[in-house]
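Okay, so here's the structure we're looking at.
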Amino acid sequence: MNRRAFLLGVTGFSVFTALQLSSSHNKVDVKAAAYIIKWQRSDTYWRDTLTPAQYAILRTGATEPRYSSPYTKLEADGTYHCAGCQLELFNSAMKYDSHTGWPSFQDYIKGHIETYTDFKNIAPTTAYRCAQCGGHHGHLIMDGPLPTGQRWCNNGQALEFKPA
Ligand SMILES: [Zn+2]
249 MNRRAFLLGV TGFSVFTALQ LSSSHNKVDV KAAAYIIKWQ RSDTYWRDTL TPAQYAILRT
309 GATEPRYSSP YTKLEADGTY HCAGCQLELF NSAMKYDSHT GWPSFQDYIK GHIETYTDFK
369 NIAPTTAYRC AQCGGHHGHL IMDGPLPTGQ RWCNNGQALE FKPA
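Numbering of the sequence shown is given in the numbering used here, commencing with residue 249 and proceeding in unit increments.
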C-alpha cells in the first residue's frame with residue numbers, strides 16, 4: 249500500500265467511525281427536573297467536604313478501580329444517594345449485577361440525573377451527573393437488561409447507601 253492509499257484508508261475509517269459513534273451514543277438524553285435547585289459550591293467547599301477519592305470522581309470525572317466499592321456486590325434493600333449532596337439517584341430495585349466491577353442500575357430516579365457527552369476517551373461516551381450538585385457519577389451503556397436496556401454504571405464511592 250502506498251502512502252496516499254494508506255492515508256485515504258485512515259480518513260475513510262475515521263469518518264465511518266465518527267458516524268457510527270454519533271448514532272450509537274447518547275441514546276438516552278435525560279435532564280434535571282424543574283424542581284431541582286442547582287448547587288453552586290466553591291472548589292474549596294468540595295475539597296473540604298469530600299474524601300480525595302470522592303473529589304476525584306465527582307469533581308474531576310475520575311473512575312474508581314473495578315471491584316473497589318463494597319456497593320458493587322451489595323444486594324440490601326435501600327436507596328443510593330449522591331455522596332456530594334445526598335440527592336437520591338437510585339434504589340435497590342433498580343440495581344443488578346452486571347459483572348463489570350461497578351455498581352450497576354437498569355433505571356434511575358427521574359429528574360435526578362443529567363446525561364452529558366464525555367470526550368475524555370477516543371470515542372465520545374454518554375456520561376451522567378447528579379442533577380443537583382453536578383457531581384460526575386458514571387457512564388450510561390446500552391447493554392443493560394430489558395425492559396430499559398440501560399446500564400447506569402456508577403462509581404460506588406460517589407454514592408451513599410441508606411438501608412430501607
Ligand atoms: Zn449531588
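Every residue, glycine too, gets a C-beta built ideally from N, C-alpha and C.
- Query: Between which two residues does the beta strand (DSSP E) carrying Ala-375 extend?
  - Reply: 373-378
- Starting from the C-beta of Arg-307, find all residues in its chain whose C-beta is less than 6 Å away, skip the five residues before and the five after it, and write them out in chain order. Trp-294
- Item | Residues of its chain near Gly-404, where Cβ-Cβ distance is below 8 Å and the 5 sequence neighbours each way are ignored | Glu-312, Ser-316, Ser-317, Pro-318, Tyr-319, Thr-320, Trp-350 and Pro-351
- Message: Relative to the C-alpha of Asp-277, which candidate in Tyr-356, Glu-408 and Gly-383 has its C-alpha closest?
- Response: Tyr-356
- Message: I'd like to confirm the pairing. Which residues does DSSP put opposite Lys-321 in its beta bridges?
- Response: Bridge partners of Lys-321: none, in fact.
- Three-state secondary structure (DSSP) of Tyr-293: helix
- Task: Quick one: grab the DSSP three-state call for Leu-335.
- Result: coil
- Query: My guess is that Ala-310 and Leu-407 are in contact by the Cβ rule of under 8 Å, so how many angstroms apart are they, rounded?
  - Reply: Wrong, their Cβ atoms sit about 15 Å apart, outside the cutoff.
- Message: Could you pull the DSSP bridge partners for Trp-400 from this structure?
- Response: Phe-353 and Leu-388
- For Ala-375 and Asn-402, the rounded distance between their alpha carbons: 10 Å
- Could you say which of Phe-353, Phe-367 and Thr-363 lies nearest to Ala-281 if we only look at CA atoms? Thr-363
- Query: From this set, Tyr-283, Leu-337, Tyr-303 and Ile-285, which residue's C-alpha is nearest Asp-291's C-alpha?
  - Reply: Tyr-303
- Message: I need the residues with a C-beta less than 6 Å from some heavy atom of ligand 1; please give them in chain order.
- Response: Cys-330, Gly-332, Cys-333, Leu-335, Cys-378, Gln-380, Cys-381 and Gly-383
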